[in-house]
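Asker:
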Amino acid sequence: MSSSSRSPLSDSQPNPRRSAASSEARPRVASRWLWFHKLGSPPYAYGLATKLRPWLMWSSLILMLIGAYGGLVLAPPDYQQKDAFRIIYVHVPAAIMSLQVYLAMAIAAAVGIIWRMKLAHAFAAACAPVGAWFTVAALATGSIYGKPMWGTWWEWDPRITSVLIQLFLYLGYMALRASFDDTQRADRASAVLAIVGVVNVPIVKYSVVWWNSLHQGPTISKLDTPSITLSMGWPLYTLVLAFMVYFAAVMCDRLRSEILKRERNASWLQENIARS
Amino acid sequence: MNLQSFLSMSGYGAYVWSCYGLTIAVLLWNVWSARRQLREAIVHARRRTEAQREDAARRGAGAGVPGEVRS
Numbered sequence: 001m002s003s004s005s006r007s008p009l010s011d012s013q014p015n016p017r018r019s020a021a022s023s024e025a026r027p028r029v030a031s032r033w034l035w036f037h038k039l040g041s042p043p044y045a046y047g048l049a050t051k052l053r054p055w056l057m058w059s060s061l062i063l064m065l066i067g068a069y070g071g072l073v074l075a076p077p078d079y080q081q082k083d084a085f086r087i088i089y090v091h092v093p094a095a096i097m098s099l100q101v102y103l104a105m106a107i108a109a110a111v112g113i114i115w116r117m118k119l120a121h122a123f124a125a126a127c128a129p130v131g132a133w134f135t136v137a138a139l140a141t142g143s144i145y146g147k148p149m150w151g152t153w154w155e156w157d158p159r160i161t162s163v164l165i166q167l168f169l170y171l172g173y174m175a176l177r178a179s180f181d182d183t184q185r186a187d188r189a190s191a192v193l194a195i196v197g198v199v200n201v202p203i204v205k206y207s208v209v210w211w212n213s214l215h216q217g218p219t220i221s222k223l224d225t226p227s228i229t230l231s232m233g234w235p236l237y238t239l240v241l242a243f244m245v246y247f248a249a250v251m252c253d254r255l256r257s258e259i260l261k262r263e264r265n266a267s268w269l270q271e272n273i274a275r276s
Numbered sequence: 277m278n279l280q281s282f283l284s285m286s287g288y289g290a291y292v293w294s295c296y297g298l299t300i301a302v303l304l305w306n307v308w309s310a311r312r313q314l315r316e317a318i319v320h321a322r323r324r325t326e327a328q329r330e331d332a333a334r335r336g337a338g339a340g341v342p343g344e345v346r347s
């Protein structure tokens, strides 16, 4: 276990070829990437997550209340689905997050492998349970939505099946991590799974375009010409934003737990814990 | 708009409200389990730090004294 509290990037050697060519430009480049070095340093990220968490949690709660009021009360009933359409205000944000969180997890895993950045691995590990729960919520609300609209709880339809695979990818990722005692080995092995599994993200997204599906086609992603009117759309956009902020708030706690696990011998952490 | 028609959701009340209830349950569970995990991690790390400190103090005070029992 390394007990370093430095930025994981700070010990990388400067590229000799590049530094010879642009020795004058280097200070500027360094300052431009300073935020990245700071963010990659566990003590800084730990402190930032502690500070940001209440702000994120409260703003997501306010956004959720506004969105739910808009979706349940202000939006007019659909001309075909009547009030049952209001399920989209929880179903769609959960489904969007199940993909977004996976994408964030895979990108973090790739950054962790390429730049050997401990914090990126910690971020990826923290993503998985939250993403899995979003996927469960999307599948369950979709199933309840399907019963009155399609007349069935479940159908082996391309969209539903690919989202189920998404859930198994999250569960596989977590099971793979749990099978290693050594955190660094767990990081590297699970990162490969996360990166390979990213192929499923476009499959889920375009499943309704590529194959005949019970599920409706893209509705809100065509930003120039969305197929949803503004009076029904704004609560949905608000709730998607609320879920994203909520995810960030939950990640603050999960990321701190992951940092605690990895940096337990670091002196900054021992001082921090003794103080709190 | 009266409360009864709001709750009935034009007959789809059971479907709509179970979806909302389920989603709220998942959201609350995520917050709670992340908090619990963090609290456990902090307690664990603090115990570890204290144990290390005691260990260091013991070694500094009476290293190699056989049969020494710390109270």
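As given, the protein sequences belong to chains A and B, one line each in that order. Start counting the first sequence at 1; every next residue gets the next number (my numbering). Start counting the second sequence at 277; every next residue gets the next number (my numbering). Ideal placement from N, C-alpha and C gives every residue a C-beta, glycine not left out.
(1) Tell me, please, which residues DSSP counts as bridged to D78 of chain A.
(2) Measuring CB to CB, does A106 of chain A end up less than 9 Å from T135 of chain A?
(3) For R256 of chain A and chain B, any beta-carbon pair shorter than 9 Å?
(4) Does the beta-carbon of D181 of chain A have 16 or more other beta-carbons within 10 angstroms, so that it is buried, or is it exposed?
(5) Does DSSP classify I228 of chain A as helix, strand or coil?
(6) Any idea what DSSP makes of E258 of chain A, helix, strand or coil?
(7) So, are the CB atoms of M244 of chain A and M97 of chain A less than 9 Å apart?
(8) Closer than 9 Å by beta-carbon distance: list the chain B residues that pair up with H91 of chain A, in chain order.
(9) Using DSSP with H/G/I as helix, E/B as strand and the rest coil, what is N265 of chain A?
(10) Can you tell me the Cα-Cα spacing of D331 of chain B and A132 of chain A, whole angstroms?
(11) State buried or exposed for Y102 of chain A, treating a residue as buried only when at least 16 other CB atoms are found within 10 Å of its CB.
(12) Among A:A140, A:S213, A:N200, which one has its Cα closest to the Cα of W156 of chain A?
(13) Do the CB positions of G67 of chain A and L230 of chain A come within less than 9 Å of each other?
(14) In three-state DSSP terms, what is E316 of chain B?
(15) Considering only residues of the same chain and omitting the five flanking positions on each side of V111 of chain A, which have a CB-CB separation below 8 Å?
(16) Any beta-carbon of chain A closer than 9 Å to the one on E316 of chain B?
(17) By alpha-carbon positions, which one of B:S286, B:Q280, B:C295 ends up nearest to I146 of chain A?
(18) Tell me which residue opens and which closes the alpha helix (DSSP H) that V73 of chain A is part of.
(19) Answer with yes or no whether the minimum CB distance from Q313 of chain B to chain A is below 9 Å.
(20) Quick check: the segment 193 to 205 of chain A against the segment 156 to 175 of chain A, are there 3 or more CB pairs under 8 Å?
(21) Does L214 of chain A come out as helix, strand or coil in the three-state DSSP assignment?
(22) What are the complete beta strand (DSSP E) segments, minimum 3 residues, inside the segment 151 to 187 of chain A?
(23) Can you pull the chain B neighbours of A125 of chain A, defined as C-beta to C-beta under 8 Å?
(24) Measuring only between beta-carbons, confirm whether K82 of chain A sits less than 9 Å from chain B.
(25) Would you report the Cα separation of A248 of chain A and R334 of chain B, rounded to the nearest angstrom?
(26) Start and end of the alpha helix (DSSP H) containing S98 of chain A?
(27) Assign S22 of chain A to one of three DSSP states: helix, strand, or coil.
Answerer: In brief:
(1) In DSSP, D78 of chain A forms a bridge with A:K82.
(2) No, the pair does not count as a contact, with Cβ atoms beyond the cut-off.
(3) Yes, R256 of chain A counts as interfacial toward chain B.
(4) So D181 of chain A counts as exposed.
(5) DSSP places I228 of chain A in coil when its eight states are reduced to three.
(6) In this structure, E258 of chain A counts as helix in the three-state DSSP scheme.
(7) Yes.
(8) Near H91 of chain A (Cβ distances below 9 Å), the residues of chain B are C295, T299.
(9) If DSSP states are grouped into helix, strand and coil, N265 of chain A belongs with coil.
(10) If I take the Cα positions, the gap works out to 41 Å.
(11) Buried, since its Cβ has 16 or more Cβ neighbours within 10 Å.
(12) Measuring from the Cα of W156 of chain A, the nearest candidate turns out to be A:S213.
(13) The criterion of a C-beta distance shorter than 9 Å is not satisfied by G67 of chain A and L230 of chain A.
(14) Looking at E316 of chain B - three-state DSSP - the assignment turns out to be helix.
(15) When the five nearest sequence neighbours on each side are left out, the beta carbons in the same chain lying within less than 8 Å of the beta carbon of V111 of chain A are those of M117, A120, in order along the chain.
(16) Yes, E316 of chain B counts as interfacial toward chain A.
(17) The amino acid occupying residue 146 of chain A in the given sequence is Gly; Ile does not appear at that position. It is B:C295.
(18) Neither: V73 of chain A is in no alpha helix (DSSP H) and is coded neither H nor E.
(19) Yes, contact with chain A.
(20) Between the segment 193 to 205 of chain A and the segment 156 to 175 of chain A there are three or more C-beta pairs closer than 8 Å, enough to call the two in contact.
(21) L214 of chain A carries a coil assignment under DSSP once its states are collapsed to helix, strand and coil.
(22) Counting only runs of 3 or more, we get nothing.
(23) Within 8 Å Cβ-Cβ: nothing; A125 of chain A doesn't reach chain B, min ~12 Å.
(24) Residue-level contact check: K82 of chain A touches chain B, since one or more beta carbons of chain B fall below 9 Å from its beta carbon.
(25) Cα to Cα, A248 of chain A sits roughly 43 Å from R334 of chain B.
(26) Looking at the DSSP string, the run of the alpha helix (DSSP H) that includes S98 of chain A is 88 to 114.
(27) No answer about S22 of chain A holds up, because its pLDDT of 46 lies below 50 and its placement is not dependable.
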